[in-house]
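In our numbering, the protein residues as written are 23 to 469. Glycine included, every Cβ here is placed at the ideal spot set by N, Cα and C.
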Ligand SMILES: Nc1nc2c(ncn2[C@@H]2O[C@H](COP(=O)(O)OP(=O)(O)OP(=O)(O)O)[C@@H](O)[C@H]2O)c(=O)[nH]1
Ligand SMILES: [Mg+2]
């Protein structure tokens with residue numbers, strides 16, 4: 023997610039040795055400055071960062087370690103501004119959140135993502151409120167999203183936004199909801215009518231949080247509109263959406279400083295799991311190529327059921343991994359979000375995430391072929407891959423619309439994967455895994 027920035031830091035750090043002179047420091051800071059500007063970090067933010075890193079490194083002794091430490095400290099300082107971090111629950115539920123922003127910035131999608139995050143990772147009861155009654159399609163969109171993630175929605179096309187918010191709050195208190203998320207309407211540009219409507223809703227909702235949703239692809243414009251929304255309505259957090267489309271990523275660095283409001287979440291993808299908390303020291307770890315094990319652990323423990331995982335390991339050990347297990351695994355993987363974002367949290371793997379590109383579990387041809395193949399099997403065949411004789415394989419191939427060779431290839435792959443998993447799960451397997459990881463690394467920072 024932060025590939026370009028991570029590369030910038032790596033290049034700059036490469037210019038300086040463990041003990042070095044002022045000339046190399048100059049080279050390193052120049053490299054840093056150039057690449058930060060290229061990544062779209064605001065020039066004022068860059069200037070300040072460079073000045074501090076240069077001053078501190080000189081004071082502490084010019085060398086790689088001091089340069090790194092200073093850079094790390096400065097990045098954390100830039101990303102940390104006064105206010106809440108991640109999602110903060112009100113002392114008395116429900117926590118009321120109002121989502122605001124320009125048209126098409128991603129408010130509705132982000133509302134769904136947040137609801138999904140709160141439900142899956144924090145195990146909370148969430149109510150979504152459709153306070154965007156401008157367009158019929160807007161309510162329809164929210165209906166689709168909330169039924170997909172199985173979260174309650176409050177919508178009434180004939181009510182006014184303030185009325186529906188009132189009704190929703192009463193319901194939330196009565197039915198003990200933990201969080202109420204209010205999706206509001208957007209406009210192409212900031213106008214008085216919109217600001218009045220939002221102010222009205224705010225008066226009724228008395229939100230604990232006002233999240234401004236900023237489209238990362240609009241760059242510095244996102245910063246300016248955030249400032250205006252902050253002045254006119256007041257905001258307590260910024261969510262940067264469409265970060266997947268912004269190859270440079272610099273906007274995430276300067277945004278909090280420039281607006282003076284903490285960045286709370288980053289959305290990077292159109293799917294519901296594609297959202298991450300923005301916690302400054304964790305993000306700095308990732309920027310420095312050190313991964314973010316904490317976030318990864320949170321994400322996986324919320325999605326992966328420990329009992330089920332143990333059961334599966336047992337099966338793998340006994341060589342009983344079957345097609346049903348495979349389908350189940352795929353469903354769990356999907357809940358984790360994109361492969362790329364998962365890999366970027368693993369120390370030393372960010373480089374690999376870049377090479378891998380985005381493997382989409384819904385749209386990958388290969389995975390669709392495997393799924394088609396499995397759906398053409400009888401329940402017995404699914405739970406026992408050894409049953410697959412040639413006659414059965416031919417029937418399955420026809421059913422799945424695949425060629426005989428394709429079927430053979432996929433089945434062979436499946437067998438090999440199960441074998442490999444069995445091997446890795448056995449004695450010394452962990453060591454093999456680590457060796458494999460080590461070989462794949464080499465992308466991280468020298469430490
Ligand atoms: N690639 C990508 N697309 C996104 C992301 N967030 C939202 N989108 C897409 O952006 C488009 C607009 O998103 P919406 O959530 O409808 O935006 P909105 O702010 O609710 O728009 P209005 O209600 O019209 O003001 C949709 O096509 C979303 O799928 C993201 O993080 N990444
Ligand atoms: Mg919307």
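**OP:** Using the DSSP secondary-structure output, state which residues sit across from residue 151 in a beta bridge.
**Re:** 176, 204
Original post:
Relative to the alpha-carbon of residue 42, which residue among 67, 64, 82 has its alpha-carbon at the smallest distance?
Top reply: 82
Subject >> Neighbourhood of residue 278 by C-beta, 8 Å cutoff - its chain only, sequence neighbours within 5 removed >> reply: 100, 101, 102, 103, 260, 284, 285
Original post:
CB residue 258 to CB residue 220, shorter than 9 Å?
Top reply: no
Subject >> Spatially closest choice to residue 440 from 355, 334, 423, by CA coordinates >> reply: 334
Subject >> Buried versus exposed call for residue 223 [16 or more other C-beta atoms within 10 Å across all chains shown] >> reply: buried
Original post:
Taking C-beta to C-beta, are residue 206 and residue 150 nearer than 9 Å?
Top reply: no
Subject >> residue 226: first and last residue of the uninterrupted alpha helix (DSSP H) it sits in >> reply: 214-227
**OP:** Evaluate the contact criterion for the region 112-120 versus the region 66-81: three or more CB pairs, one atom per stretch, below 8 Å.
**Re:** no
**OP:** Over the uninterrupted alpha helix (DSSP H) stretch that includes residue 100, give me the two end residues.
**Re:** 86-101
Subject >> Span of the alpha helix (DSSP H) around residue 470 >> reply: Here the chain has residues from 23 to 469 only, and residue 470 is not among them.
Original post:
So does residue 299 have its beta carbon nearer than 8 Å to some heavy atom of ligand 1?
Top reply: no
Subject >> Alpha-carbon to alpha-carbon, residue 53 and residue 87 >> reply: 17 Å
Original post:
Which word fits residue 30, buried or exposed, when buried means at least 16 other C-beta atoms lie within 10 angstroms of its C-beta?
Top reply: buried
Original post:
From residue 262 to residue 169, what does the alpha carbon distance come to, in whole angstroms?
Top reply: 24 Å
Original post:
Any chance the CB of residue 208 is under 8 Å from a heavy atom of ligand 2?
Top reply: yes
Original post:
What residues in its chain sit with their C-beta under 7 Å from that of residue 112, if we drop five residues either side in the sequence?
Top reply: 230
Subject >> Local conformation of residue 285 per DSSP, three classes >> reply: strand
Subject >> Proximal residues to residue 174 (C-beta, below 6 Å), its chain only, five neighbours per side dropped >> reply: 149
Original post:
Would you call the region 126-135 and the region 235-251 in contact, with 3 or more CB pairs under 8 Å?
Top reply: yes
Original post:
What does residue 233 pair with, by DSSP beta-bridge criteria?
Top reply: 121, 259
Original post:
Does ligand 1 have even one heavy atom less than 8 Å from the beta-carbon of residue 131?
Top reply: yes
**OP:** Mark residue 77 as exposed unless 16 or more other C-beta atoms lie within 10 angstroms of its C-beta, in which case mark it buried.
**Re:** exposed
**OP:** Within the same chain, show all residues whose beta-carbon is closer than 6 Å to that of residue 217, passing over the 5 residues directly before and after it, in chain order.
**Re:** 254
Subject >> Nonlocal neighbours in the same chain, by C-beta distance under 7 Å from residue 208, ignoring five residues either side >> reply: 123, 124, 125, 126, 127, 129
Subject >> Length of the line joining the Cα atoms of residue 107 and residue 294 >> reply: 21 Å
Subject >> Residue from 79, 144, 225, 408 with nearest C-alpha to residue 344 >> reply: 408
Subject >> Identity of the residue in 415, 65, 94 nearest residue 79 by Cα >> reply: 94
**OP:** With DSSP as the reference, label residue 463 as helix, strand or coil.
**Re:** With a pLDDT of 45 at residue 463, under the threshold of 50, the modelled position of that residue is not reliable, and the figure given next carries that caveat. Coil.
Original post:
CB of residue 170 to nearest heavy atom of ligand 2: below 8 Å?
Top reply: no
Original post:
Within the present structure, is the beta-carbon of residue 177 separated from the nearest heavy atom of ligand 2 by less than 8 Å?
Top reply: no
Original post:
Is residue 299 helix, strand or coil by DSSP?
Top reply: strand
Original post:
Excluding the five sequence neighbours on either side, which residues of its own chain have a C-beta within less than 6 Å of the C-beta of residue 469, listed in chain order?
Top reply: Note that residue 469 scores a pLDDT of 35, beneath 50, so its modelled location is shaky and nothing firm can be said.
Subject >> Supposed close pair residue 28, residue 309 - CB separation, criterion 8 Å >> reply: 6 Å
Original post:
Got a sec, what are the start and stop residues for the alpha helix (DSSP H) residue 31 sits in?
Top reply: 25-36
**OP:** Could you say which of 256, 212, 249 lies nearest to residue 225 if we only look at CA atoms?
**Re:** 256
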